[in-house]
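Take our numbering: the final residue in the sequence shown is number 166, and no numbers are missing along the way. All C-beta atoms, glycine included, are put in the ideal place defined by N, C-alpha and C. The model shown is predicted, which means the values in this text are computed figures rather than measured ones.
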Amino acid sequence: MRGLELCDRHFSVPLMASGKQKALLMNARTSLFLLCLLAAIGCGGQQGPRPYPVRGVITFDGKPLTRGTIIFNPVDQAHPASRGEIQSDGSYVLSLTAAGDGAIPGEHRVIVNSSTQVESGLEVGDPNYQIPRPLVPPKYSSLSTTPLSHTVKAEANTIDIAL
């Protein structure tokens, strides 16, 4: 309440002020109130649930998948998907808005994309160019066909995936 008393003391309208002075002081008081209100609303913090760390290892036929991407798509489509790069040892770390921050808690449909690498320096018209071929069955690469689903908990998660 002390802050309001200070505002009232500094922005009160003197009884002897002219109409123009009163209007200016009232506008200043209203502007200060709106500025304080907007500042309070703006300091409300992060909207929506926060992400939790998710890491793991992806294997295919018992061996680590050595390249590609993994995407965790929340079943609740109001939340964004998280993504991670598959490393040469099969490990991955999911990121949502910052590197390694994870995924939103809840049930997720999981997509895994992995294909052979195009030889560096080759272009489509080159006779040695080979079209990248998938390293995993196509069913894992589409949201409509993936059989993979996992639950992200509101804690640090380790989710290993065997294809």
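Check whether the Cβ atoms of residue i and residue j sit closer than 9 Å, and answer yes or no.
i    : j    : result
S118 : G71  : yes
H111 : V139 : no
I73  : V121 : no
A165 : F63  : yes
P83  : K156 : no
S144 : P137 : yes
P67  : G93  : yes
Quick one: what's got a C-beta closer than 7 Å to residue i's C-beta in the same chain, skipping five residues either side?
i    : result
T148 : K142
S123 : none
A159 : Y55 and P56
Going by beta carbon distance, what residues of the same chain come within less than 6 Å of residue i, once the five residues before and after it are set aside?
i    : result
T69  : S91
V151 : Residue identity differs from the one stated: residue 151 is Leu in this sequence, not Val. Answer for L151: V113, listed in chain order.
G167 : In this structure the chain extends from 4 to 166, so residue 167 is not present and cannot be described.
T154 : E110
G103 : V96
Q80  : none
Provide the residue(s) that pair with residue i in DSSP beta bridges, ordered along the chain.
i    : result
I164 : I61
K66  : F63
T154 : E110
Identify, in the order they occur along the chain, each residue of the same chain with its Cβ nearer than 8 Å to the Cβ of residue i, setting aside the five sequence neighbours on each side.
i    : result
L146 : N76, R112 and I114
E126 : Y132
I162 : V57, R58, G59, H153 and V155
R12  : Residue placement at R12 cannot be trusted, given a pLDDT of 47 that sits under 50; what the coordinates show is reported in the next sentence. Here the set comprises nothing.
* Is the number of C-beta pairs between the stretch 55-63 and the stretch 96-105 that are closer than 8 Å three or more? -> Cβ pair count under 8 Å is three or more, so yes.
* Uninterrupted beta strand (DSSP E) stretches inside the stretch 73-147 (no shorter than 3 residues) -> Listed in chain order, the complete beta strand (DSSP E) runs (minimum 3 residues) inside the stretch 73-147 are 85-88, 94-96 and 109-116.
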